[in-house]
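In this text, residue positions in the sequence shown follow the UniProt record's numbering: the first is 1, and each later residue adds one. The beta carbon of each residue, even a glycine, is placed where N, CA and C say it ideally should be. Written below as structure tokens is the structure these notes are about.
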Amino acid sequence: MSISLSFTFDNIDPDLNQRNKLLVYEHKGGTEIWNEELLLKENFINGSPNLCQNGRHQSPINIMTKNLVYDHSLSAMEIEGLEKQLELIVENCGYDIRISLTNEFVQLNGGPSSYAYRISFMQIKFGSASTQGSEHTIDGKAFPGEIYSFNNELYNNLSEAFYRPNGILAISVFFKIGNATNKDLLGVVAAAEQTIFKGETFQLKGLELRSLLTSTHEFMTYEGSLPFPPCHETVTWIILNHPIMITETEVSLRKKS
């Protein structure tokens, strides 16, 4: 199974390390920096033109720190339910790991959006090396991996939200190599190791999102798209400044999966 990971913004200029950043969206994104294996799986390399290849606001993107602009109008994010002991379904999707909440309610307010959003599912991207894996990059540099949280509340279901205005709020957290793996991330990785083949699932209990979402007071944001087909440009992205720690050993185990 192909896997992916990502670092944080430790190398951002200290003057930019303030709360609530707004990213000016004017850089290459989408399939131009997609993993080649994913492109092949989705038949996009030699396929007919579509939104994923020709859209104007495609994700993921390369974040150029020199173009970050501090936005005083943004409020801090508030997340209800971070302390809950969640029950999750961890699924091997072939080229990433998908995590679904069974019946818990976790809601996000504030930040770049005036709407409230509810977490629908999460995806974890691991890479082939400790310096590769993240789909978003910073100044052209990829990192060990990242975790996405996709949120929806405005529409009847997730499928409708995918193509409707303000349909999805996505939170991205990067991974960073450290001496110890975040305890809840360790639980997810252990569960993922039980799903060897595509389509296999494993139930995980007792996870707290509080440790996975790290600090929500410092972030960057931009308007983009779903990072997978059908690539609808209906996503507000929030990229947290603080990473989740993972050991080199855990990354190596995922590379062998």
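Judged by their CB atoms, T201 and T247 are not nearer to each other than the 8 angstroms cut-off. Boundaries of the alpha helix (DSSP H) harbouring E160: 158-162, taken from the DSSP string. Judged by DSSP in its simplified three-state form, A170 adopts strand. Looking at Q58, Q194, A191, the one whose alpha-carbon comes closest to that of E223 is Q58. DSSP, read as helix, strand or coil, puts L86 in strand. The bridge partners DSSP lists for I124 are I97, I147. The three-state secondary structure of K205, taken from DSSP, is strand. When rounded, the separation of the alpha-carbon atoms in Q123 and S100 is 9 angstroms. In the three-state reduction of the DSSP assignment, N54 falls in the helix class, which pools H, G and I.
If you check the CB distance, T65 and D139 come in under 8 angstroms. For G187, the enclosing alpha helix (DSSP H) stretches over residues 183-192. In chain order, E250 place their CB closer than 6 angstroms to the CB of V189, counting only its own chain and leaving out the 5 sequence neighbours on each side.
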